[in-house]
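**Q** Numbering (numbering that gives the first Met the number 0), first residue to last: 0 to 93.
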Amino acid sequence: MSNWKIEGLYVAQIADYAEVVTAGSWACFGTKIMRGKLTLGPPGVPFVQYADLTEDKVLGWVWTQVDKEFVEKDVDGVAPDVPVVAAKPLPWVE
Numbered sequence: 000m001s002n003w004k005i006e007g008l009y010v011a012q013i014a015d016y017a018e019v020v021t022a023g024s025w026a027c028f029g030t031k032i033m034r035g036k037l038t039l040g041p042p043g044v045p046f047v048q049y050a051d052l053t054e055d056k057v058l059g060w061v062w063t064q065v066d067k068e069f070v071e072k073d074v075d076g077v078a079p080d081v082p083v084v085a086a087k088p089l090p091w092v093e
C-alpha cells in the first residue's frame with residue numbers, strides 16, 4: 000500500500016496580500032520510494048490562501064500531472080502495464 004506525502008512547497012509573495020505556491024515536491028512511499036517536483040502555473044479559481052492549503056488539496060494538484068496509478072504500482076513493486084518494446088532488424092538491411 001503506497002503512501003503519498005507533500006515534502007515541500009515553493010512560494011512567491013504576490014503584492015502584500017497573497018502567497019502563491021509555484022511548485023511543490025512530493026514523494027510516494029511503498030516498498031520503494033519515488034519523488035518528484037510539481038511546477039504550477041498561475042493560481043486557480045477559486046484561489047486558496049497559503050495558510051488554508053491542506054495536503055489533500057496539494058496532492059490533488061499533483062495527481063492532475065502525475066499518473067497516480069503508475070507511481071503506486073511502481074513503488075509497491077507491481078510491474079506497471081507498459082507495452083513491451085523490442086529491437087528489430089532494420090527492414091532494408093539484409
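Glycine included, each C-beta is placed from N, C-alpha and C at the ideal position.
1) Would the beta-carbon of K21 fall within 7 Å of that of L37?
2) Starting from the N-terminal side, write out each stretch of the beta strand (DSSP E) that is 3 residues or longer and does not extend beyond the segment 6-82.
3) Select from D15, G23 and P45 the residue whose C-alpha is nearest the C-alpha of G7.
4) Reducing DSSP to helix, strand and coil, say where K87 ends up.
5) If you drop the 5 nearest sequence neighbours on each side, which residues of the same chain put their C-beta closer than 6 Å to that of V144?
6) Just to confirm before moving on: does the CB-CB distance between S1 and V74 stay below 7 Å?
7) Leaving aside the five residues before and after G76 along the sequence, list all residues of the same chain whose C-beta is less than 6 Å from its C-beta, in chain order.
**A** Reading it off the structure:
1) Before going further, note that residue 21 is Thr rather than Lys in the sequence given. In this structure, L37 does not lie closer than 7 Å to T21 by Cβ.
2) 17-28 and 32-38
3) G23
4) DSSP places K87 in the coil class of the three-state scheme, outside both helix and strand.
5) Missing from the structure shown is residue 144; the chain here goes from 0 to 93 and no further.
6) yes
7) T30
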